[in-house]
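Undergrad:
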Amino acid sequence: MASNTANPPTESRLSTRISIRWLPEPASETTDTIVMSVKLRVTDSSDPRRVQFTHEIDSHNSFDDVDCGTFTTLPNGDDLETGSMARPDVPGAPVTEYEEVWRELTFKEGPEGSGQGASWVLESKHDIKVGEGEEVEVSRTFFGEDLGLIFGGATEAGKGVSARREEWDASTGWSAKYVLGLEGDSLPSAKDIEANEQLRTRGGTILVNGEPYTVRSYEFA
1 MASNTANPPT ESRLSTRISI RWLPEPASET TDTIVMSVKL RVTDSSDPRR
51 VQFTHEIDSH NSFDDVDCGT FTTLPNGDDL ETGSMARPDV PGAPVTEYEE
101 VWRELTFKEG PEGSGQGASW VLESKHDIKV GEGEEVEVSR TFFGEDLGLI
151 FGGATEAGKG VSARREEWDA STGWSAKYVL GLEGDSLPSA KDIEANEQLR
201 TRGGTILVNG EPYTVRSYEF A
């Protein structure tokens, strides 16, 4: 049976969104949203509670939008994030003040065994030479695992975003919970990522199904 003991000492974090509120409307939640944090969070040096989020892949094509949220801890231990960002469900995506409530998830036993696990982020590499006046479409793919529990991949290929989310079960192994988009089925699985020395080298290169990826972050707890 999977363990639900306290999280091991780690800089990684796995959180689920409890609700979002677009002011002045009431709070609601219609999605299953998970945030994976591995080692690095971009904070405001004058206010460490303030975190900046950029959109490397965005199904709304809002790549220039930067979300800045300020976090405070609620009495029950959840985190309240406040700030302003583009609201994609309203025509014109107006910048709107928001409140989000996040809850840290307790890590379960992953493929590495009880009380330990790996967290990492990979980004696809491209070596494309473009001549003057030429335009090319570049697919960007990211993968992340947070202490052996959640695995996600997404790619922007000019035809929208595809993604998959897999979860680990001690009795059945990795299984896909969500597969989205035209390329979702062809995205690599967590089973395709080999836990070798290349994966543990931040800034290094690892091959996944023959394709090169940069290791953006790695931690083992």
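Mind the numbering: the sequence shown is residues 1 to 221 in the UniProt record's numbering, read in order.
Every residue, glycine too, gets a C-beta built ideally from N, C-alpha and C.
Mapping the DSSP letters down to three states, classify V42 as helix, strand or coil.
TA: Here the model assigns V42 a pLDDT of 47, short of 50, so the residue's position is not dependable and the matter cannot be decided.
Undergrad: Tell me which same chain residues have a C-beta within less than 7 Å of the C-beta of T5, skipping the five on either side of it?
TA: With a pLDDT of 48 at T5, under the threshold of 50, the predicted position of this residue should be treated as unreliable, and no value is reported.
Undergrad: Would you decide whether D146 is buried or exposed? Buried here means 16 or more other CB atoms lie within 10 Å of its CB.
TA: It is buried - the Cβ of D146 has at least 16 other Cβ atoms within 10 Å.
Undergrad: Using three-state DSSP, classify K191 as helix, strand or coil.
TA: Residue state, collapsed to three classes: helix.
Undergrad: Give the single residue among G210, W22, R13 and F220 whose Cα lies nearest to the Cα of E97.
TA: Considering only alpha carbons, the answer is W22.
Undergrad: For A93 and R140, I'd like the C-alpha separation in whole angstroms.
TA: Cα to Cα, A93 sits roughly 24 Å from R140.
Undergrad: Who are the Cβ neighbours of T205 in its own chain at under 8 Å, not counting the five residues just before and after it?
TA: Correct list, in chain order: K125, Q198, P212, Y213, T214 and V215.
Undergrad: What beta strand (DSSP E) runs, 3 residues minimum, are completely inside the stretch 151-180?
TA: With a minimum length of 3 residues, the continuous beta strand (DSSP E) runs that stay inside the stretch 151-180 are 161-169 and 173-180.
Undergrad: Do E81 and E100 have their C-beta atoms closer together than 9 Å?
TA: In this structure, E100 lies closer than 9 Å to E81 by Cβ.
Undergrad: In the DSSP output, which residue or residues are listed as bridge partners for I34?
TA: According to DSSP, I34 bridges with T16.
Undergrad: Between M36 and L149, what straight-line distance do the alpha-carbon atoms span, to the nearest angstrom?
TA: Their backbone Cα atoms lie some 10 Å apart in a straight line.
Undergrad: Can you tell me whether Y218 is buried or exposed, with buried defined as 16 or more other CB within 10 angstroms of its CB?
TA: Classification for Y218: buried.
Undergrad: Going by other Cβ atoms of all chains shown within 10 Å of its Cβ, with 16 needed for buried, is L74 buried or exposed?
TA: It is exposed - the Cβ of L74 has fewer than 16 other Cβ atoms within 10 Å.
Undergrad: Less than 9 Å between the beta carbons of F142 and E166, yes or no?
TA: No, they are not a contact pair.
Undergrad: I need the DSSP call for S114, collapsed to helix, strand or coil.
TA: DSSP places S114 in coil when its eight states are reduced to three.
Undergrad: Using the Cβ count rule (16 or more neighbours within 10 Å means buried), how would you classify L207?
TA: By the neighbour-count rule (16 or more Cβ atoms within 10 Å), L207 is not buried but exposed.
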